[in-house]
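Visitor:
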DNA sequence: CGAATGGTTGAGTGTCTTCAAACAGGGTGG
DNA sequence: CCACCCTGTTTGAAGACACTCAACCATTCG
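Residue numbers (the working numbering), protein chains in the order written: chain Y, 1 to 232; chain V, 1001 to 1232.
(1) I need the boundaries of the alpha helix (DSSP H) containing residue 86 (chain Y), first residue and last residue.
(2) Report the residue from Y:121, Y:73, Y:110 whose alpha carbon sits nearest the alpha carbon of residue 1139 (chain V).
(3) Might you give, ordered along the chain, the residues of its own chain that have their beta carbon closer than 7 Å to the beta carbon of residue 1087 (chain V), omitting 5 neighbours on each side?
(4) Which parts of the stretch 5 to 37 of chain Y are runs of the alpha helix (DSSP H), unbroken and 4 residues or longer, counting only runs that do not cross its ends?
(5) Distance check for residue 1177 (chain V) and residue 1202 (chain V), CA to CA, integer angstroms please.
(6) Please classify residue 147 (chain Y) as buried or exposed, where buried requires at least 16 neighbouring CB atoms within 10 angstroms.
(7) Is residue 107 (chain Y) closer than 7 Å to residue 54 (chain Y) when the C-beta atoms are compared?
(8) Counting beta carbon pairs with one atom in the stretch 115 to 135 of chain Y and one in the stretch 22 to 38 of chain Y, are three or more of them shorter than 8 Å?
(9) Of all the CB atoms in chain Y, is at least one closer than 7 Å to the CB of residue 1065 (chain V)?
(10) Quick test of your reading: residue 1093 (chain V) and residue 1099 (chain V), contact by CB under 8 Å. State the CB separation rounded to the nearest angstrom.
(11) Since residue 131 (chain Y) sits in a beta bridge, which residues does DSSP pair it with?
(12) Just list the alpha helix (DSSP H) runs in the stretch 1067 to 1126 of chain V, keeping only unbroken ones of 4 residues or longer that don't cross its boundaries, in chain order.
(13) Less than 7 Å between CB atoms is the rule here; does residue 1139 (chain V) satisfy it with respect to chain Y?
(14) Which class does residue 1204 (chain V) belong to by DSSP, given the choice of helix, strand or coil?
(15) Have a look at residue 1129 (chain V) and residue 144 (chain Y) and give me their C-alpha separation to the nearest angstrom.
(16) List, in chain order, every chain Y residue whose beta-carbon is nearer than 8 Å to that of residue 1143 (chain V).
(17) Is DSSP giving residue 1168 (chain V) helix, strand or coil here?
(18) When DSSP labels each residue in this structure, what does residue 1181 (chain V) get in the three-state scheme?
(19) How many angstroms separate the CA atom of residue 210 (chain Y) from the CA atom of residue 161 (chain Y)?
(20) Taking 6 Å as the line, does the beta carbon of residue 1222 (chain V) fall inside it for any heavy atom of the ligand ZN?
(21) Measuring straight from C-alpha to C-alpha, what distance separates residue 1191 (chain V) and residue 76 (chain Y)?
(22) Which same chain residues, not among the five before or five after residue 91 (chain Y), have their C-beta less than 7 Å away from its C-beta?
(23) State the CB to CB distance for the pair residue 238 (chain Y) and residue 58 (chain Y), rounded to an integer number of angstroms; the pair is presumed to be in contact (CB under 8 Å).
(24) Counting only beta-carbon atoms, is residue 1121 (chain V) nearer than 7 Å to chain Y?
(25) For residue 1128 (chain V), go through chain Y and note every residue whose CB falls closer than 8 Å to its CB, in chain order.
(26) Under three-state DSSP, which class holds residue 40 (chain Y)?
(27) Report the three-state DSSP secondary structure of residue 1060 (chain V) (helix, strand or coil).
(28) Take the Cβ of residue 1204 (chain V) as the centre, count every other Cβ of all protein chains shown within 10 Å, and call the residue buried at 16 or more, exposed below.
(29) Residue 174 (chain Y) and residue 163 (chain Y) look like a contact to me (Cβ under 8 Å); what is the Cβ gap, rounded to whole Å?
(30) Excluding sequence positions up to five away, which residues of its chain have a Cβ less than 6 Å from the Cβ of residue 70 (chain Y)?
(31) So which residues of chain Y does residue 1135 (chain V) contact, with C-beta pairs closer than 7 Å?
(32) Take residue 1126 (chain V) and list the residues in its own chain whose beta-carbon comes closer than 6 Å to its own, dropping the five residues that flank it on each side.
(33) Beta-carbon of residue 180 (chain Y) versus every beta-carbon of chain V: anything under 7 Å?
(34) Exposed or buried, residue 45 (chain Y), counting other C-beta atoms within 10 Å across all chains shown (16 or more means buried)?
(35) Pick from V:1171, V:1172, V:1195, V:1189: whose alpha carbon is nearest that of residue 1180 (chain V)?
(36) Taking a contact to mean a Cβ-Cβ separation below 7 Å, would you say residue 199 (chain Y) touches residue 1134 (chain V) in this structure?
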């Protein structure tokens, strides 16, 4: 499909070993799609017909349990591959990907996955590193949920967010997409009430500045100390 | 290295698309190593010089947090790849792999990883599926830790164990390696005390039969119901 | 301007952890 | 072969952390 910005894609670490020719081949079979805020790219349980690359914006991947509880499995940042369910012999998507901000994604049919990897071993290694990192993030999260109490988990989650989606402002670092207390709760395995209380307390200490679906971190250092378990 | 059982390796799903010639090449650069119960294959933080395949036995991969708390990241079963830290540009092992039973592992130098994948795209896809499955398991565990209370998490963990390491006996299904309450606690993010109480209660209901580092599941059905959240 | 969504805060409660003590079994050395 | 020790397990009691329930407030959007 025409009109895809090659220089933007070129700059992604995933493709830093891919030749220009190979990259053109990849892009030629991709489509790009604009996703408005709040809309789903794909839904949990739907057949995995495509896989995706986020070019611009921000997505939340959510899962709903049998009894209706929601959790956020991960946040997708620009440059991330996502929705590659078929890469592991799944026929459906294990979660729902929702745009937390207006987003642009590249789309390929799932059949292309195996083709690309076989034709392009460097990409296979890159993709594997990507998945491997994701695995390690998941283990980190498991460790945190096993050993840390809620306040530290929330601190870690917020630190991760400003690292991956932080925009420096005059007073501190802003999370550059709309995120609710409910979202943070679903990322840390707690309730929005507890998150609200924690953020209020932090605001009182001058660590952060809240707002409706907004969060500005004033003192990342202090938050780090909290995350590492220093009592007060 | 001579003396590695090719038919055993051949039967692993990981290699079901690998040609005999390629498989021989792989095995020719591997060494096999016997690991007695309680001994570590590699230690957390040590340079990732090798990657491994478990042929026989059972391993626990553990992580220790900064403040000394332990968790079990996963259990390694025969046929599983493990310790492939370098596959994701890590230079050290993120955890410690300890033999929960006398084990036999195949060992390769990490340099071989990239070589194998580039020479053998089918293997790359197989390896990626392996890692992908692991990622999904991790997400499942995160979901359970976020939304389920301890008893259900323990039930899920035990069900997973009998599925992956269950040996049918006359009265039920036995977990076929030594596992302590502490281990189960570290797999589910709770304390050995709570696990002990839960297992005692289950024993009272005739669901399981305990013992020192032993566990026999008498009623998998009943356990499943518990895991799915049916109150009593 | 009103409805809807998101956020705050209080009170009460329950699950699980922590602290503590005692017990069981398996292996080892005398 | 038995006593002892070490490790793993059981169980009780107290307390804390975070959840649930509930009510109210604030902000945004149609």
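Positions of the beta carbon are idealized from the N, C-alpha and C atoms, including for glycine. All figures in this text were calculated on a predicted structure; none of them were measured in a lab.
Guide: Reading it off the structure:
(1) Within the first chain, residue 86 (chain Y) is the residue found at index 86, counting from 1. Segment: none, residue 86 (chain Y) is in no alpha helix (DSSP H) and carries neither H nor E.
(2) Numbered from its first residue, the second chain carries residue 1139 (chain V) at position 139. Out of Y:121, Y:73, Y:110, Y:73 has the C-alpha closest to the C-alpha of residue 1139 (chain V).
(3) Working through the second chain from its first residue, we reach residue 1087 (chain V) at position 87. Excluding five sequence positions before and after residue 1087 (chain V), the CB atoms of its chain that fall closer than 7 Å to its own CB belong to 1113, given in chain order.
(4) DSSP runs (the alpha helix (DSSP H)) wholly in the stretch 5 to 37 of chain Y: 6 to 10, 20 to 28.
(5) As a first step, residue 1202 (chain V) must be located in the second chain, where it is residue number 202. As a first step, residue 1177 (chain V) must be located in the second chain, where it is residue number 177. The alpha-carbon atoms of residue 1202 (chain V) and residue 1177 (chain V) are separated by roughly 20 Å.
(6) Along the first chain, read from residue 1 onward, the residue named residue 147 (chain Y) stands at position 147. When all chains shown are included, residue 147 (chain Y) counts as buried.
(7) Numbered from its first residue, the first chain carries residue 54 (chain Y) at position 54. Numbered from its first residue, the first chain carries residue 107 (chain Y) at position 107. For residue 54 (chain Y) and residue 107 (chain Y), no; Cβs fall outside 7 Å.
(8) Here the stretch 22 to 38 of chain Y makes contact with the stretch 115 to 135 of chain Y; the two share three or more CB pairs at distances below 8 Å.
(9) Working through the second chain from its first residue, we reach residue 1065 (chain V) at position 65. Answer yes: the Cβ-Cβ gap between residue 1065 (chain V) and chain Y drops below 7 Å somewhere.
(10) Reading the second chain from its first residue, position 93 is the one you call residue 1093 (chain V). Reading the second chain from its first residue, position 99 is the one you call residue 1099 (chain V). Not a contact, Cβ separation roughly 15 Å.
(11) Translated into positions along the first chain, residue 131 (chain Y) becomes position 131. Residue 131 (chain Y) is bridged by DSSP to nothing; it lacks a bridge partner.
(12) The qualifying runs are 1111 to 1119.
(13) Here residue 1139 (chain V) refers to the residue found at position 139 when the second chain is read from its first residue. At least one chain Y Cβ lies under 7 Å of residue 1139 (chain V).
(14) Here residue 1204 (chain V) refers to the residue found at position 204 of the second chain. Looking at residue 1204 (chain V) - three-state DSSP - the assignment turns out to be helix.
(15) Taking the first residue of the second chain as position 1, residue 1129 (chain V) is located at position 129. Taking the first residue of the first chain as position 1, residue 144 (chain Y) is located at position 144. So the two alpha carbons sit approximately 26 Å from each other.
(16) If you number the second chain from 1, residue 1143 (chain V) lands on position 143. By Cβ distance, chain Y contributes 63, 65, 71, 73.
(17) Against the second chain, residue 1168 (chain V) aligns to sequence position 168. Residue 1168 (chain V): strand per DSSP, three-state reduction.
(18) Within the second chain, numbered from 1, the residue matching residue 1181 (chain V) stands at position 181. The three-state reading of DSSP puts residue 1181 (chain V) in helix, counting H, G and I together.
(19) Your numbering for residue 210 (chain Y) matches position 210 in the first chain. Your numbering for residue 161 (chain Y) matches position 161 in the first chain. Going from the Cα of residue 210 (chain Y) to the Cα of residue 161 (chain Y) covers about 15 Å.
(20) Questions concerning the ligand ZN fall outside what the structure shown contains, since it holds no ligand whatsoever.
(21) Within the second chain, the letter at position 191 stands for residue 1191 (chain V). Within the first chain, the letter at position 76 stands for residue 76 (chain Y). If I take the Cα positions, the gap works out to 33 Å.
(22) For the purposes of this step, residue 91 (chain Y) is taken as the residue at position 91 of the first chain. Once the five neighbours on either side are set aside, the close Cβ partners of residue 91 (chain Y) are 47, 48.
(23) Only positions 1 to 232 of chain Y appear in the structure, and residue 238 (chain Y) is not among them; the question remains open.
(24) Residue mapping note: residue 1121 (chain V) aligns to position 121 of the second chain, counting from 1. For residue 1121 (chain V), a Cβ of chain Y is located within less than 7 Å of the residue's own Cβ.
(25) The sequence position of residue 1128 (chain V) within the second chain is 128, counting from 1. Going along chain Y in sequence order, the residues near residue 1128 (chain V) (Cβ under 8 Å) are 87, 88, 117, 124, 127, 128, 131.
(26) The count along the first chain starts at 1 and reaches residue 40 (chain Y) at position 40. Three-state DSSP puts residue 40 (chain Y) in a strand.
(27) Working through the second chain from its first residue, we reach residue 1060 (chain V) at position 60. In the structure shown, residue 1060 (chain V) falls within a strand segment according to DSSP collapsed to helix, strand and coil.
(28) In the second chain, residue 1204 (chain V) corresponds to position 204, counting from 1. Exposed is the label assigned to residue 1204 (chain V), since fewer than 16 other Cβ atoms lie within 10 Å of its Cβ.
(29) The residue given as residue 174 (chain Y) occupies position 174 in the first chain. The residue given as residue 163 (chain Y) occupies position 163 in the first chain. Beta-carbon to beta-carbon, residue 174 (chain Y) and residue 163 (chain Y) are separated by about 13 Å, too far to satisfy the 8 Å threshold.
(30) Counting from 1 along the first chain, the entry for residue 70 (chain Y) is found at position 70. The answer, listed in chain order, is 62, 64, 186.
(31) On the second chain, residue 1135 (chain V) is found 135 positions in, with the first residue counted as 1. What residue 1135 (chain V) touches in chain Y, judged by beta-carbon distance under 7 Å, is 131, 134, 135, 138, going in chain order.
(32) If you number the second chain from 1, residue 1126 (chain V) lands on position 126. Cβ within range, chain order: 1014.
(33) Start at 1 with the first residue of the first chain, and residue 180 (chain Y) comes out as number 180. Chain V contact via Cβ: absent.
(34) Taking the first chain and counting its residues from 1, one reaches residue 45 (chain Y) at position 45. Its Cβ having fewer than 16 others within 10 Å, residue 45 (chain Y) is exposed.
(35) Translated into the one-based positions of the second chain, residue 1180 (chain V) becomes position 180. Out of V:1171, V:1172, V:1195, V:1189, V:1195 has the C-alpha closest to the C-alpha of residue 1180 (chain V).
(36) Within the first chain, residue 199 (chain Y) is the residue found at index 199, counting from 1. Within the second chain, residue 1134 (chain V) is the residue found at index 134, counting from 1. Not in contact: residue 199 (chain Y) and residue 1134 (chain V) (Cβ atoms no closer than 7 Å).
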